[in-house]
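Q:
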Amino acid sequence: MPIANRVLQSGLIPALQHRVSASWQLVKVEASFLCLSLVSARPIQLGISESKVSRTYLVLNLFGNCLACCLLLGCSGSGGEADSTPSAARSEPAKPPANNVAAPGIHYREAVKSVRIGDFPNAQRSLREHLLANPSDTKAMELAGDIASRQGDTPQAIQWYRDAVEQTPQPGYALLDKLAKNLMATANAYESVEILKQNISAHPDLERPRYDLAGLVTVLGLNHDAVKPLQWLIQHNLRDEESLIVLANPDRVQPDPEFCRKLLDRAPEDLRPHYALAKLDAEKQDWSAVSKRLPAVLKRHPDFLPAWALQGRALVSLAIADPSDSSRRKDLVEWATNKPAALETLPEYWTAAGMWSNHTGDHTAAVRAFTEASRLHQSNHGPTLSQLQASLRQIGREDESNRVAKRFDQIAGLNDAVKTFLERNSKSQIAALRVAYQMVDLGRIWEAEAWTSLAKSLPEDPVGTIDQAHLAIRARLRPDSPWQTEASLVASSIDISDMPLVTWDADVRNARTIANRMGESPVRFAEQAKQRGLLHTVSLAPEAEKEGHWIYQSTGGGAAVLDFDLNGWPDVAIANLDGAPMQSNSSPNRVFRNIDGQFFDATSASGYADTGFAQGITSGDYNNDGFPDLFDANIGRNRLYRNNGDGTFSDVTEEMNLVGNEWTTSAVIADMDGDGNADLFEVNYCGGKAPYETPCRSDATGKLASCPPLKFEASADRIWKNNGTGQFKNVSRDWMQPTSIGRGLGIIAGQLDETPGLDLFIANDMSVNHLWSTSSVASDDSTAAATRLTDLGTVRGLAMSGQSNSQASMGMAAGDPDGDGDLDFFLTHFAEEHNTYYEQVAPGLWEDRTHAVGLYEPSLDQLGFGTTWTDFNSDGAMELLVTNGHVSDTGRTDIGYEMPPQLFTRLESGRWQEQPNGSLGDYFEREHLGRALVTLDANLDGRTDVLITHLYEPVALLINESEVASESIGLRFQATSGHRDAIGTTVEVQSAGDKRTLQLTAGDGYMGSNERRLSFALPAEANNAEIVVQWPSGLSQSFSELEAGRDYLLTEGIAQPIPMNKHVQ
């Protein structure tokens, strides 16, 4: 519309709908970092699963933005008094007048004067006369916009400002700023984003629009649009804690849902805020919700690339989760056909392409896609690096895979360092400095310098060399230094020129289906601890139940199964922790002897008298004499009890040279170096005195609450070599070189990867898990091979979740639930995290498939501890059992304190389904503070039973009363050419065309030790089974015609199995 006509038809008329109070001129709302929090009901959130007191999210006031304030407060009068001279921004450098600005005439001067005294009717009359004579005067257009804004006519103000911008060769900062603010007042957030970008481009030396842009795009979920502005601010010494945290990992910043819903309410025609809400759905792995929310967005805004990319990721995830649903694949192909060409400029597109290529088995195309994504992410995106290194390994490019894996490990270290900094209330100097050092390793020197500068200002955990550290890092910077060193861009060196692109309509590999099931039979347990005499409650200090828990009281409750008297019936040892940590004043751990299915307290008679502050218990024959021994993990001095073979134990801790006072949670006795002698591995948690001197409290209840473990320093794990002459030697520094120290809670030992030798998988709390792979290398004197344990957790896909989050790992299960002949793992985690299912997708390579198999959502409101995969009903398929219970009473209504256990069965599709608790037995209908979970056949009926410990509640002995679908065979093992416990023995069972693989592992997860027994079902039509045993020594041995319905002892090198107990029904 011509300017003259719009002057006549606009709001520039004498009649004002309302007057703006003169007091408004006293309110100068600045575009500051805190302003945005006025808009949203909560500040921007970092999705970094953090505090164990309130594990929702860390909430930080990241950015403020006057533009967003306009959404709630309106922008009327946004120009303020200074707007009487349009575009005279205080922070804008002076510019020569533009050609289309008329010399101030009498009418314009009168209009300005009238605005200053608040006489808007006269201002409008004068300005109308001026614009009729000077229709191209952009200065007058801007003033007209100011008047419209003062009158509350925001749409008219926007039109005036837009006309002024379009007709001004170099729009001033203030003009663009007012346009952006008024756009926000009408909920045109995305157009406001574009104006902010234009303002930065037009005025590259100004800081204020960069703050505004960073604040706005983060609440909209467009996080990566905040990176460049924040980098500029850092490079110009305009740093702050919030900016640094966002730059450390932009993907951890969550959009503000309430802000986005307000945009939808105010401007329902713009559907793009649904993208931000869809990102929150994606964070919860609710891909179905994502796929339903975004199609309308794409239809209304076909050029909105972020929504296209997220929709593609959702469709890929849904198609992978249910390959049998052809409609999922059809939707994906349709999306790929219609996607804009420009979508390939987004890393998220390439990530989806890589995931689909992997799923279809085209790992070369996956490498191409993940490399493209990593390049766009500047090799800083953990999940993409993880998938890239795995895909490179799949196609045999080991060297490149290792380089990418190293980068991924560094990114994981950065994320953990930032989490630790936040858990320590952003006040710890040493925590901030550790982030800086991680940045140095990553080649991100600008951020390293900024973090070091921040560290110098922090009041806690001082570092004496902080000034020297800062100077050393600063010395590496010059004004022209790149944001990131070229050597750190590891994806750039990967040659993908001859690699194919993704094939969206490729044939899908066969769906993972369940191994042959031998019938349907319900699982059911009867809790019989009391009637069988197993009477024990894991005790805490008397005041704990009333006053709440210290962190050291929230763990514990270990249990071990062993046949210490060799009568053929499994006995049980259980922990106590009712004293003080680092002291020997707790009630003694207890051992119960099993005679014909009844348990008798043998603690006093046996001499098992550990009064340390107990955590886990493990069992193993450390001296190879045929009698299982006990090792107690304590907070303080650990204890080794030798089984004397006469029903008694002797404390040989000092005799065996086992020293130290650590917080040990779990342990394993196994022959790690293959010399025939059982070594000892201790899993340690938090170090120092602080965990026992630093209380935390629940905001809701005021009670003591378990502190987040990242508040405390980690304690390194230890390994003790059994020298075979009656003593252990600490070889931790010789055998292990950890890339990071974890806070361990669980352990599994066995032949875990594709290389020979026992391996160790450690579940760490809020830090990366460790997979210690054993190898032999030439020793220094070249006379003998030396043992090395190398942490391959990151390389093999077990260190973190698929989203590259280091979770609060606790319980662990190992088994072959999908029947493909290799070991998979299941780990339990904290409430509002998800438990994690790691499927072995190639030899020695695991992938987080939790969501794909249906185990994601059922665990979100649970806090899991002990867990197991076991075929409880002898139908040939494993069930998954998890015990739950919180560490603190947080007073929340959505997350419980006591929690019910869960049992899952695997469907033919490969997905898991939670069983209703009412069908499983009375115990499952109640809530508990579950801790350790161990398995045994307590009554020798061939069915696997379960023992679960709790806090404040007697242990539960769940006798398996399931109606079995078929008979089973139980196997026990005795090695002769190595350590007799035979840990790592693999068994392949064939019967009636059915084939299954089992492995004898140790450690067994969270603070427990299972009965050393493998059990498997035989098809009903089979009378016996053919068994192939691969012993740890490498010997392969076959056993034929084992009849169902009893247990056998298999001895290495002896052809005939020894029949043991017949299953009592």
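The numbering of the sequence shown is UniProt numbering, which starts it at 1 and goes up by one.
The beta-carbon is built from N, C-alpha and C at its ideal position, and this holds for glycine as well.
For residue 1021, tell me which candidate among 966, 971 and 1035 has the shortest Cα-Cα distance.
A: Considering only alpha carbons, the answer is 966.
Q: Residue 569 lies in the beta strand (DSSP E); which residues open and close that run?
A: Premise fails: residue 569 is in no beta strand (DSSP E) and is neither H nor E.
Q: For residue 868, which of 603, 903 and 273 has the nearest alpha-carbon?
A: Answer by Cα proximity: 903.
Q: Does the distance from the C-beta atom of residue 601 to that of residue 587 stay below 8 Å?
A: No. Outside cutoff.
Q: Within a Cβ cutoff of 8 Å, which residues of the same chain sit near residue 980, ignoring the five residues on either side of it in sequence?
A: Once the five neighbours on either side are set aside, the close Cβ partners of residue 980 are 621, 624, 626 and 974.
Q: Quick check: what's the CA-CA separation for residue 414 versus residue 671?
A: Going from the Cα of residue 414 to the Cα of residue 671 covers about 34 Å.
Q: Taking C-alpha atoms, which residue in 702, 861, 172 and 680 lies nearest to residue 629?
A: Of the listed residues, the one whose Cα sits closest to residue 629 is 680.
Q: Considering only C-alpha positions, which residue in the set 237, 527 and 243 is nearest to residue 213?
A: Checked all of 237, 527 and 243; the closest Cα to residue 213 is 243.
Q: Which same chain residues, not among the five before or five after residue 1010, have their C-beta less than 8 Å away from its C-beta?
A: Only 561, 868, 934, 935, 936 and 1004 meet the Cβ criterion.
Q: In the structure shown, what three-state DSSP assignment does residue 260 receive?
A: DSSP places residue 260 in helix when its eight states are reduced to three.
Q: Skipping 5 residues on each side, what residues in its chain have a beta carbon closer than 8 Å to that of residue 257?
A: Cβ within range, chain order: 276, 277 and 280.
Q: Give me the Cα-Cα distance between residue 345 and residue 121, rounded to the nearest whole angstrom.
A: Each residue's alpha carbon lies about 52 Å from the other.
Q: Per DSSP, which one or two residues make a beta bridge with residue 458?
A: The partner list for residue 458 (beta bridge, DSSP) is empty, contrary to what the question assumes.
Q: Between the C-alpha atoms of residue 497 and residue 247, what's the straight-line distance to the nearest angstrom?
A: Distance between the alpha carbons of residue 497 and residue 247: 31 Å.
Q: Can the beta-carbon of residue 985 be found less than 8 Å from the beta-carbon of residue 912?
A: No, the pair does not count as a contact, with Cβ atoms beyond the cut-off.
Q: Considering only the beta carbon of each residue, do residue 494 and residue 371 sit closer than 8 Å?
A: Yes, they are a contact pair.
Q: Could you give the distance in angstroms between the alpha-carbon of residue 524 and the alpha-carbon of residue 918?
A: Cα to Cα, the separation comes out at about 10 Å.
Q: If you run the structure through DSSP and keep just helix, strand and coil, what is residue 41?
A: Bear in mind that a pLDDT of 29 at residue 41, under 50, signals an unreliable position, so the number given afterwards is only what the model happens to contain. Coil.
Q: Shortest alpha-carbon distance to residue 800 belongs to which of 1059, 382 and 108?
A: Here the closest residue by C-alpha is 382.
Q: Should residue 419 be labelled buried (16 or more other beta-carbon atoms within 10 Å of its own) or exposed?
A: Buried, because 16 or more other Cβ atoms sit within 10 Å of the Cβ of residue 419.
Q: Tell me which same chain residues have a C-beta within less than 8 Å of the C-beta of residue 991, skipping the five on either side of it?
A: Same-chain partners within the cutoff: 1018, 1019, 1022, 1024, 1025 and 1026.
Q: One question on the structure: do residue 392 and residue 404 come within less than 8 Å of each other, judged by their Cβ atoms?
A: In this structure, residue 404 lies closer than 8 Å to residue 392 by Cβ.
Q: Identify which residue in 650, 940 and 953 has its Cα closest to the Cα of residue 923.
A: Comparing Cα-Cα distances from residue 923 to each of 650, 940 and 953, the minimum goes to 953.
Q: Just verifying my parser: in three-state terms, what is the DSSP assignment at residue 721?
A: DSSP places residue 721 in strand when its eight states are reduced to three.
Q: Taking only runs of the alpha helix (DSSP H) that begin and end inside the stretch 790-839, which ones reach a length of at least 4 residues, in chain order?
A: Listed in chain order, the complete alpha helix (DSSP H) runs (minimum 4 residues) inside the stretch 790-839 are 793-796.
Q: Alpha helix (DSSP H) containing residue 973: first to last residue?
A: Element bounds for residue 973: not the alpha helix (DSSP H) but the beta strand (DSSP E), 968-974.
Q: Is the CB-CB distance between residue 742 and residue 770 below 8 Å?
A: It is a contact, given that the beta carbons lie within the stated cut-off.
Q: Between which two residues does the beta strand (DSSP E) holding residue 287 run?
A: Taken as a continuous stretch (DSSP letters only), residue 287 belongs to no beta strand (DSSP E), being part of the alpha helix (DSSP H) at 287-300.
Q: State the Cα-Cα distance for the pair residue 161 and residue 216, rounded to the nearest angstrom.
A: Distance between the alpha carbons of residue 161 and residue 216: 20 Å.
Q: Should residue 757 be labelled buried (16 or more other beta-carbon atoms within 10 Å of its own) or exposed?
A: Buried: at least 16 other Cβ atoms inside 10 Å.
Q: Pair every Cβ in the stretch 715-734 with every Cβ in the stretch 678-695, then say whether three or more of these pairs are closer than 8 Å.
A: In short, these stretches touch, since the Cβ pair count reaches three.
Q: Tell me which residues share the same chain as residue 230 and place their Cβ nearer than 7 Å to its Cβ, disregarding the 5 neighbours each side in the sequence.
A: Contacts found: 214, 243, 246 and 247.
Q: On the DSSP bridge assignment, give the partners of residue 750 in chain order.
A: According to DSSP, residue 750 bridges with 759.
Q: Span of the beta strand (DSSP E) holding residue 641?
A: First-last of the beta strand (DSSP E) with residue 641: 639-643.
Q: Identify the continuous alpha helix (DSSP H) that holds residue 470 and give its terminal residues.
A: Looking at the DSSP string, the run of the alpha helix (DSSP H) that includes residue 470 is 466-474.
Q: Taking 8 Å as the CB-CB limit, is residue 228 close to chain B?
A: The question asks about chain B, but that chain is absent: this structure has only one protein chain.
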